[in-house]
Amino acid sequence: MFFIAGYATLQYFVPELILGIAGFIILALGMFIVSRRLYAGVTFGSLAVAFIIELFFMNNPYSLFGGTILINNFGTYFALLFLISAMLITVPSIMNISHKPEIFYALLLFVTIGMLIAASSTNLIILFVAFEAVSTGTYVMSGFHKTDRTLEASTKYFFTGAVSTSIIVMGLSYYFEATGSFSITPQVISSNQAMLVALLLLMIGFGFKMAIFPMHQWAIDTYDGSENSVSAFLSTGSKLVAFMIMMRIFISGFSGEAYDYYLIFTILAIVTMTYGNLSALSQTNLKRLLAYSSIAQAGYLILVFSAAGFAQDNSLGNTLVYDAVAAGMIYSLVYIFMKGGAFLAMNLSPNPKVQISDLSGLAKKSPVAAISLSILLLSLAGIPFTGGFVSKLFLFLVLIEVKLWWLAVIAILNSAISVFYYLRVILVIYRGQPAEEFRITRLSTIPIVVCAIIVIALGVYFQLFQTLVGFASGLFGV
Amino acid sequence: MLLLYLYISLFVLTVGTFFGGKYAKPYALIVTGLYFLIFLIYFISKFYTLNGVFNSMQSIPISSYYGFDFSLQLSGFSALLVLLSVAVTFIAVYISGTRYGKVFFGLEMLTMAGLVGLLLSANVLFFYIFWEVVLIPVYLLIGVFGKKNADSISLKFFVYTHIGSVLMLLSFFSLYTYQYENTGTFTMSISALLTPSLINSMPVFWRGFVFFGLFVAFLVKLPTFPLHSWLPDSYESAPYPVTIILAGALSIMGGFGLFGIMLPVISVVPASFSTVLIILGIVSLIYFSLAAMSQPSMKRMMAYASAAAMGFVTISFGTSALEIQNSVYSANYILDVTGGMYQILVHGLIMAFIFASLYYISRSTGKEMIGSLGGIFREAPILSAFLLAALLASLGLPGMAGFVAEFSVLAGIFPEVGMWIMLIIFAMLITASYHIWMAQRTLFGPYNENLGNISDSTPGSSVILTIIMMAIIILGVFPHYAFQLLSSYASGVI
Chain F
19 MFFIAGYATL QYFVPELILG IAGFIILALG MFIVSRRLYA GVTFGSLAVA FIIELFFMNN
79 PYSLFGGTIL INNFGTYFAL LFLISAMLIT VPSIMNISHK PEIFYALLLF VTIGMLIAAS
139 STNLIILFVA FEAVSTGTYV MSGFHKTDRT LEASTKYFFT GAVSTSIIVM GLSYYFEATG
199 SFSITPQVIS SNQAMLVALL LLMIGFGFKM AIFPMHQWAI DTYDGSENSV SAFLSTGSKL
259 VAFMIMMRIF ISGFSGEAYD YYLIFTILAI VTMTYGNLSA LSQTNLKRLL AYSSIAQAGY
319 LILVFSAAGF AQDNSLGNTL VYDAVAAGMI YSLVYIFMKG GAFLAMNLSP NPKVQISDLS
379 GLAKKSPVAA ISLSILLLSL AGIPFTGGFV SKLFLFLVLI EVKLWWLAVI AILNSAISVF
439 YYLRVILVIY RGQPAEEFRI TRLSTIPIVV CAIIVIALGV YFQLFQTLVG FASGLFGV
Chain R
-10 MLLLYLYISL FVLTVGTFFG GKYAKPYALI VTGLYFLIFL IYFISKFYTL NGVFNSMQSI
50 PISSYYGFDF SLQLSGFSAL LVLLSVAVTF IAVYISGTRY GKVFFGLEML TMAGLVGLLL
110 SANVLFFYIF WEVVLIPVYL LIGVFGKKNA DSISLKFFVY THIGSVLMLL SFFSLYTYQY
170 ENTGTFTMSI SALLTPSLIN SMPVFWRGFV FFGLFVAFLV KLPTFPLHSW LPDSYESAPY
230 PVTIILAGAL SIMGGFGLFG IMLPVISVVP ASFSTVLIIL GIVSLIYFSL AAMSQPSMKR
290 MMAYASAAAM GFVTISFGTS ALEIQNSVYS ANYILDVTGG MYQILVHGLI MAFIFASLYY
350 ISRSTGKEMI GSLGGIFREA PILSAFLLAA LLASLGLPGM AGFVAEFSVL AGIFPEVGMW
410 IMLIIFAMLI TASYHIWMAQ RTLFGPYNEN LGNISDSTPG SSVILTIIMM AIIILGVFPH
470 YAFQLLSSYA SGVI
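Chains as they are written, first to last, in this note's numbering: chain F, 19 to 496; chain R, -10 to 483.
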């Protein structure tokens, strides 16, 4: 009887099972056929099937294993985002991954499984294990190819990652000490010092992965050194996993310490976005520029915690918290396409170390790629009619709504600074003669074009926010 | 809903220019020409009674909770400016060479679409959005197609205007916040946010902040004295079609901000701000006129002339604010405000005329510096006549449109500025002198034989220049309809 009941729960893990089976099939295929296109096809297909299943069959709220796994719209939304971020890099990575591709694609699938489990878990142990699955896989992915650059990237990433893991574990133990439980539920509240230590440690541990200010330095070198598609994945999927886990832990689990986490995240957000934007201003290496801009974007993202924490601390009501969470959700969605697309656009240049000047005259070689990349950069800058504008707009509106509008002022000024370095790149793209060689192939242009189209579509689809507000309550349980 | 459909179709057709290939130019000409006629007919049908106050509000709801929707409104003032900006874009597209390629035309059209959206927007959010939509294409037009140092000059242009637009957004958000504090609901409609009662309910600091942000944004675009240094460089470096758009169409943004957006709250503008505006306006007039006089390049000289002419707009806004608060006779300030708005309108037209004729002269001679021309009336009489007409219009010759505007402003501001008006008269004298002096040095006198044989106006250029000239003369001799429309808008809003 128990066996049958256990069998019935399997239906909630069909996406994970599909990805896992596909991963092992790829590994097995690797013994007979070496064809990157085949592996990419299998990977993409399995991700697409998992995406469809998540989209259509995972909407009913359901709680499993005594509440440690929670299936609802919030988790499913993030699961979809993670699947998108994996799908986005599957096809373009054919260009770069030549050495043992089967391992790369299998790893990508296994990492995605970790992400999917993290998306639906409300138990800190499960979250931690899923998060480790993601981290370990991405350590290997960033070191793929074993050149000096990628190895440096991977080593830095691994060491900081290992340290952050231990800090997270320590934070978890303090959390357990304070609450007597590993489950993240809003009612587990007790204001004692252990809770504060746990807050700090968890913030630091997950902050490493999200690359917020004092814990960011690995990210610059790793994004710069890894393969373009791996950088895209690290700065979208892997960062958003940390963001989602942090939303679960802090907004839900630490709602009793709202003032404390509001304070910490507000300071970090201000410092992070200012630091990211100011550092990006002087970069000539395009990948480093994007890395710094990705730090700045993390700064905008954690404004969500400021808004939510302030709303909880002043008992402004759950609606405002949901609005804040929904702003984070819409930002995550747009962020995948604009940041992932921008990193994938680095494939246009054959150099591993892409300088801004390498893109000079791109518009004359490939107008489509140039316009698409411009759209992505404008979206990162938050220019109207792109998704970046919509997501920033709602973020700022939420800040105003909770009456933190001085923070909105700082964020707006930051986003004004950021326009300059993106526009500098755009000008280079259109000016000048194409001196360098470009790799204009279908693999390098189509992903950018797709991202640009989606970013524009999200830029005019304002109504999405209202839908997401409905999903946001899933953060707090079924 | 007609206006909404008109605008959305215009925007979609505009984006189509990017896919026009080698037909981009005729396509852009057809679209602008067609929409000029459509807008003309539509506006005549709306405003045949010459009642220029807002008479149209149409919206598509987007987020009712946060209070923003895509909504358009139409007043007599914005209707005239829409016609102006479409017409100026038509001129700019007409004189652009096809060699620039489809992206150039696409960006020109996008600028126009953004500008029309900005003029029609009834919502601060979309006002800001369209403000940005105008900036980015112009930045690219200057940066990519400009001449020497274009990248740093375009960056300068962008830094100035972007700082302005960020301050403007912050002002709008502070209004939005206080409106929410007062009523508990969000709204972003211009008519709800820019009301005297809302501004009076704000603390003094934030009231000042709102006005500061809005004024900086709009004065940068006019431009007014300390915020002008992007202007001569951008005008000079940009290719002629872009200069025409900059001088003819983009210069209305600042003026529209003052008279189209801030007119309802003119009665609560702090008196210190108004005084500073008047002083800045007078300083701009004199300083830009003197600066223009010493320029060796015709394009740069006319850039300064354009900036100087906008000094009237600043003065007009500042004085009318003071007049309203000091309860001077309403006839005075209505005349003052109307003169300022009329100046915005005709300045765009005159500048388009000037830069179009300068373009044709530089096309046939290959020269832009005053020193390298001379006596070209002998070889190219028709072109020279057009340039002379443009210069006369710009200096405010009676019978041309500029005179009507400047005279109304002067007549309207007298009760407030008193004898200081002499400074403005002095500036007008300088203005007249450098225009005439330039005509003398370039068009008349002994022919500069280094130029060789130059060709005169082609039929195509004659037609377009004649049309602009006729429009300027008609607006100068018979200003009744436009003036009445503006003055009924002004009296209706104040």
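Note that beta-carbon positions come from the ideal geometry of N, C-alpha and C, so glycine has one too.
Buried or exposed by the 16-neighbour rule on C-beta atoms within 10 Å, applied to residue i
i: Q62 of chain R; result: buried
i: M264 of chain F; result: buried
i: F489 of chain F; result: buried
i: R266 of chain F; result: buried
i: A46 of chain F; result: exposed
i: F467 of chain R; result: exposed
i: Q211 of chain F; result: exposed
i: M19 of chain F; result: Residue placement at M19 of chain F is poorly supported in this model, since its pLDDT is 44, which falls under 50; the coordinates still yield a value, given next. Looking at its Cβ environment, which holds fewer than 16 other Cβ atoms inside 10 Å, M19 of chain F is exposed.
i: V199 of chain R; result: buried
i: L396 of chain F; result: buried
i: F177 of chain F; result: exposed
i: E225 of chain R; result: buried
i: R569 of chain F; result: In this structure chain F extends from 19 to 496, so residue 569 of chain F is not present and cannot be described.
i: E438 of chain R; result: exposed
N- and C-terminal bounds of the alpha helix (DSSP H) containing residue i
i: D495 of chain R; result: What the structure shows of chain R is the stretch from -10 to 483, and residue 495 of chain R is not part of that stretch, so it cannot be assessed.
i: F323 of chain F; result: 321 to 331
i: L61 of chain R; result: Where L61 of chain R is concerned, there is no enclosing alpha helix (DSSP H), although the beta strand (DSSP E) it sits in stretches over 57 to 62.
i: S163 of chain R; result: 139 to 172
i: S346 of chain R; result: 319 to 354
i: S350 of chain F; result: 336 to 362
i: M188 of chain F; result: 166 to 197
i: M98 of chain R; result: 91 to 109
i: L377 of chain F; result: Careful: L377 of chain F lies outside any alpha helix (DSSP H) and carries neither H nor E.
Selection from the options that minimises the alpha carbon distance to residue i
i: I51 of chain R; options: F:I447, F:V408, F:A58; result: F:V408
i: K288 of chain R; options: R:A320, R:L239, R:I359; result: R:I359
i: I71 of chain F; options: F:Y30, F:L106, F:V152, F:A58; result: F:Y30
i: F59 of chain R; options: R:L2, R:Y(-4), R:G41, R:Y83; result: R:Y(-4)
i: I313 of chain F; options: F:L286, F:G327, F:I282; result: F:L286
i: W195 of chain R; options: R:T166, R:T213, R:K210, R:P221; result: R:T166
i: F115 of chain R; options: R:F79, R:I250, R:V75; result: R:I250
i: F162 of chain F; options: F:S247, F:A196, F:L217; result: F:S247
i: I185 of chain F; options: F:L218, F:W424, F:A137; result: F:L218
i: P126 of chain R; options: F:G406, F:P402, F:L258; result: F:P402
heavy atom of the ligand NAP below 7 Å from residue i C-beta
i: H424 of chain R; result: In the structure shown, the ligand NAP is absent, as is every other ligand, since no ligand is present at all.
Endpoints, beta strand (DSSP E) assigned at residue i
i: Y80 of chain F; result: 80 to 82
i: P192 of chain R; result: Segment: none, P192 of chain R is in no beta strand (DSSP E) and carries neither H nor E.
i: M46 of chain R; result: 46 to 52
Are the stretch 123 to 131 of chain F and the stretch 35 to 46 of chain F in contact at 8 Å, needing three or more beta carbon pairs? With a cut-off of 8 Å, the stretch 35 to 46 of chain F and the stretch 123 to 131 of chain F count as touching, because enough Cβ pairs lie within range.
Selection of the stretch 417 to 430 of chain F by Cβ proximity to chain R, strictly under 9 Å: Cβ contacts with chain R: I418, E419, K421, W423, A426, V427, I430.
Give me the subset of the stretch 319 to 353 of chain F whose CB atoms are less than 9 Å from a CB atom of chain R, sorted by chain position. Only those residues of the stretch 319 to 353 of chain F whose C-beta falls short of 9 Å from the nearest C-beta of chain R are listed: D341.
Pull out every residue of the stretch 138 to 165 of chain R whose Cβ sits closer than 9 Å to any Cβ of chain F, in chain order. Correct list: A139, D140, S143, L144, F147, V148, H151, I152, S154, V155, L158, L159, F162, S163, Y165.
Any C-beta of chain R within less than 9 Å: which residues of the stretch 249 to 263 of chain F qualify? Shown here is that no member of the stretch 249 to 263 of chain F has a Cβ falling below 9 Å from a Cβ of chain R.
Where the stretch 91 to 113 of chain R meets chain F: residues whose CB sits under 7 Å from a CB there: Cβ proximity to chain F below 7 Å picks out nothing from the stretch 91 to 113 of chain R.
The stretch 185 to 197 of chain F in contact with the stretch 153 to 172 of chain F per 3-pair CB rule at 8 Å: Contact fails: fewer than three Cβ-Cβ distances are below 8 Å.
Is the stretch 341 to 355 of chain F touching the stretch 413 to 425 of chain F in the sense that three or more CB pairs, one from each, lie closer than 8 Å? Yes, they touch.
Using 8 Å as the Cβ pair cut-off and three pairs as the minimum, do the stretch 25 to 39 of chain R and the stretch 147 to 163 of chain R touch? Judged by Cβ distances under 8 Å, the stretch 25 to 39 of chain R makes no contact with the stretch 147 to 163 of chain R, as fewer than three pairs qualify.
Examine the Cβ distances between the stretch 332 to 344 of chain R and the stretch 283 to 297 of chain R and report whether three or more of them are shorter than 8 Å. Yes: at least three Cβ pairs fall under 8 Å.
Does the count of Cβ pairs from the stretch 130 to 145 of chain R and the stretch 83 to 102 of chain R closer than 8 Å reach three? Yes: at least three Cβ pairs fall under 8 Å.
Three or more beta-carbon pairs under 8 Å between the stretch 244 to 253 of chain R and the stretch 312 to 320 of chain R, yes or no? At 8 Å Cβ cutoff, the stretches do not touch.
For the stretch 293 to 307 of chain F and the stretch 433 to 440 of chain F, state whether three or more C-beta atom pairs, one from each stretch, are separated by less than 8 Å. Yes: at least three Cβ pairs fall under 8 Å.
Given 8 Å as the limit, is there contact between the stretch 367 to 379 of chain R and the stretch 265 to 284 of chain R, that is, 3 or more CB pairs closer than that? Short answer: they don't touch.
Do the stretch 347 to 355 of chain R and the stretch 269 to 276 of chain R make contact, defined as three or more Cβ pairs closer than 8 Å? No: fewer than three Cβ pairs fall under 8 Å.
Counting Cβ pairs closer than 8 Å, one from the stretch 48 to 68 of chain F and one from the stretch 108 to 127 of chain F, do we hit at least three? With the rule of 3 Cβ pairs closer than 8 Å, the stretch 48 to 68 of chain F counts as touching the stretch 108 to 127 of chain F.
Which residues, in order along the stretch 392 to 405 of chain F, keep a beta-carbon less than 8 Å from a beta-carbon of chain R? When C-beta distances to chain R are compared with 8 Å, the residues of the stretch 392 to 405 of chain F below that value are L396, I401, P402, F403, in chain order.
Would you call the stretch 306 to 315 of chain R and the stretch 250 to 263 of chain R touching, i.e. three or more CB-CB distances under 8 Å? Output reads yes: the stretch 250 to 263 of chain R touches the stretch 306 to 315 of chain R.
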